[in-house]
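Counting in this note's numbering, the sequence shown runs from 6 upward without gaps. All C-beta atoms, glycine included, are put in the ideal place defined by N, C-alpha and C. Beneath this line is the structure, given in structure tokens, with notes to follow.
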Amino acid sequence: MSIRAKRPQSAASASASAAAASSASAAMETEELQQQVASVERGMAFLKREHLAMLTGLQLEITRLKRRCHELDCELDARFPQRTAAEECELAARRRASEGLLGERESAAVVVRTELRARQVRAWALGCSLKGDERRFLEELKRRSHKITTLGRELHRQTLTTTTLCHELHSARMRLYRRSQVAGEGEEGEEDEEEEEEEEEGAGGAQQEEVEREEEWECDEEEEDDGGEGADWLPSPASLASPGQSDELCRRRASVREQRVRACVPCERVTSPQRPHPMPDPALFLVPLRYRLLRWKRPMRVRGNEEGLQDEWEDLVEDGRVRRRVDMGAAEGETAL
Numbered sequence: 006m007s008i009r010a011k012r013p014q015s016a017a018s019a020s021a022s023a024a025a026a027s028s029a030s031a032a033m034e035t036e037e038l039q040q041q042v043a044s045v046e047r048g049m050a051f052l053k054r055e056h057l058a059m060l061t062g063l064q065l066e067i068t069r070l071k072r073r074c075h076e077l078d079c080e081l082d083a084r085f086p087q088r089t090a091a092e093e094c095e096l097a098a099r100r101r102a103s104e105g106l107l108g109e110r111e112s113a114a115v116v117v118r119t120e121l122r123a124r125q126v127r128a129w130a131l132g133c134s135l136k137g138d139e140r141r142f143l144e145e146l147k148r149r150s151h152k153i154t155t156l157g158r159e160l161h162r163q164t165l166t167t168t169t170l171c172h173e174l175h176s177a178r179m180r181l182y183r184r185s186q187v188a189g190e191g192e193e194g195e196e197d198e199e200e201e202e203e204e205e206e207g208a209g210g211a212q213q214e215e216v217e218r219e220e221e222w223e224c225d226e227e228e229e230d231d232g233g234e235g236a237d238w239l240p241s242p243a244s245l246a247s248p249g250q251s252d253e254l255c256r257r258r259a260s261v262r263e264q265r266v267r268a269c270v271p272c273e274r275v276t277s278p279q280r281p282h283p284m285p286d287p288a289l290f291l292v293p294l295r296y297r298l299l300r301w302k303r304p305m306r307v308r309g310n311e312e313g314l315q316d317e318w319e320d321l322v323e324d325g326r327v328r329r330r331v332d333m334g335a336a337e338g339e340t341a342l
């Protein structure tokens, strides 16, 4: 009986403890909810106060702005009175005129832009054509420069050849003059007779003698190259050994030289040898470019003397004006520049 009595008591105590725990937890939850509600209410009250303060400030600002607008309206009315219908019509006419002028300017601007584009296209085309012309001009200039260089070299070569030939001619004249002085009148008569006999021999003998003379001329040139210019009058060992053979050899050499000189020198210079002139200055043949160009210009002539002398000065024309005069009659051995 005691055990059965204890069991209902324990069950009642357990249910009572569970009810107490549930009530305690419910009380805690209600307290938390109440605290949250209170905090929310406080936040709402704060927001309401802030909102009211903001609304009050906005109302005050609106009132101030309205007052300012009213003051400005009054000031405008006082400063600018109300316009009449005539003034309104005039202003409308001005506005329409301004709009028309603006439209005309816009159309003119469009035309100007179109013309500007066309001119840009033309300028680009002209630039391309100018570049092409410049390229062709440079090519032509290069070609002509190369041609001028080639002609200059050829002219220099011809000038050197002319100088060499002049020197050789002068040397031949000197040798001929010396030979003519050494030979004498009697030897000249014998040489003339020998020449007449040689001419009568015939074609075969003439050819053989020509060959022999060429060989002797070559031997003579070799001797001259070895001994210099002074070797013409120095006696050779053969001449010392046999005077007759040396005289004959000298006469034959002189005749060969005379014939060779006659081929390139006028007859009067050979038959009657004169006193040789001094060696001309080679610079006379080195004609500068400006002097060559001046030859093509018309010289100034002087009508003074009866002989009709020619002025030795020539005008140097540059850019259509006479800059200076050039002496074309320089002394011998000088270059007139």
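Check, Outcome
"Return the Cβ separation of R184 and R262 in integer angstroms, given the expectation that the two are a contact with Cβ distance under 8 angstroms.", "7 angstroms"
"Take the Cβ of L1 as the centre, count every other Cβ of all protein chains shown within 10 Å, and call the residue buried at 16 or more, exposed below.", "As shown, the chain starts at 6 and ends at 342. That puts residue 1 outside it, with no answer to give."
"In chain order, what residues of the same chain have a beta carbon less than 6 angstroms from the beta carbon of L160, not counting five sequence neighbours either side?", "none"
"So, with DSSP's three-state summary, where would you put F85?", "coil"
"Since A188 and A259 should fall inside the 8 angstroms C-beta cutoff, what is the C-beta to C-beta distance between them, to a whole number of angstroms?", "6 angstroms"
"Return no unless some Cβ of chain B is closer than 8 angstroms to the Cβ of R100.", "No chain B is present in this structure, which holds just one protein chain."
"Taking all protein chains shown into account, decide if L96 is buried (16 or more other Cβ within 10 angstroms of its Cβ) or exposed.", "exposed"
"Is E93 near the ligand SAH, judged by its Cβ being under 7 angstroms from some heavy atom?", "Among the ligands in the structure shown, none appear at all, so the ligand SAH cannot be discussed."
"Taking the beta carbon of L181 as the centre, do at least 16 other beta carbons fall within 10 Å, making it buried, or is it exposed?", "buried"
"Rounded to the nearest angstrom, what separates E142 and T167 at their Cα positions?", "Note that residue 142 corresponds to Phe in the displayed sequence, not to Glu. C-alpha separation (whole angstroms): 36 angstroms."
"In whole angstroms, what is the alpha-carbon distance linking T155 and L165?", "15 angstroms"
"Where Q186 and R162 are concerned, what is the direct C-alpha to C-alpha distance, given to the nearest angstrom?", "36 angstroms"
"In whole angstroms, what is the alpha-carbon distance linking E76 and T119?", "53 angstroms"
"Output the distance between the C-alpha atoms of Q3 and H172, rounded to the nearest integer angstrom.", "In the structure as shown, the chain starts at 6 and stops at 342, and residue 3 therefore has no counterpart that could be examined."
"Could you check the C-alpha separation between S27 and Q41 for me, to the nearest Å?", "21 angstroms"
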